[in-house]
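FYI, in the working numbering the residues of the sequence shown are 1 to 140.
Every residue gets a Cβ at the ideal spot worked out from N, C-alpha and C, and that includes glycine.
Everything below concerns the one structure shown next.
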Amino acid sequence: NGRTKAMGIEAANNTPWSEVRKWMTEEFCLRSVIQRMEQELYNLRMKGMDIDGYTNRFHELALLCLIMVETEAVKVEQYIRGLTKSIYGDVTSSQPATINDVVCLAYQLAGQLIQDKADEATESEKRKGEGDRGSRGDNR
């Protein structure tokens, strides 16, 4: 409210959302809390194939840790840095430009890996079942 009075209602209404968000963070968030969240964002890593959990937490932290993800390029780098090794290389080599690009690619790759593992498990079960039937036939 003090900023609005100082700058005038017209200027306040034309202020970009990123700037308003920065003011609100400065005004209402304790610096110690922001520092803890910045540390969490820095150390955030994808666990297993939980791309949903990783992406959701990344976005939550990025909303409040403005200094750590000031530019789109830095946000992309930060997101990629926390990806699991199994998709990190493929995402990095594609050089995505926006956070939406990198998130979509990470979801596609994680989905592929999950599907591949499910297919391998199904194939393994089939082979195991065929082996069991074959051994029963030999015992007769």
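When only Cα atoms are considered, residue 74 and residue 124 end up about 42 Å apart. Around the beta carbon of residue 51, 16 or more other beta carbons sit within 10 angstroms, so the residue counts as buried. Assignment of residue 13 by DSSP, reduced to helix, strand and coil, places it in the helix class.
Under the DSSP assignment, residue 81 falls in the alpha helix (DSSP H) whose first and last residues are 72–81.
In the structure shown, the three-state DSSP call for residue 90 is helix. Within the same chain, and ignoring the five residues on either side of residue 114 in sequence, the residues whose Cβ sits closer than 8 Å to its Cβ are 49.
Collapsing the DSSP output to three states places residue 29 in coil.
If you draw a straight line from the Cα of residue 41 to the Cα of residue 62, it is about 8 Å long. Three or more Cβ pairs closer than 8 Å define a contact, and the stretch 4–15 falls short of that threshold against the stretch 65–73. Per DSSP, residue 51 is one residue of the alpha helix (DSSP H) stretching across 51–64. Here the alpha carbon of residue 45 sits roughly 14 Å from the alpha carbon of residue 37. Within a 10 Å sphere around the beta-carbon of residue 82 sit 16 or more other beta-carbons, which makes this residue buried.
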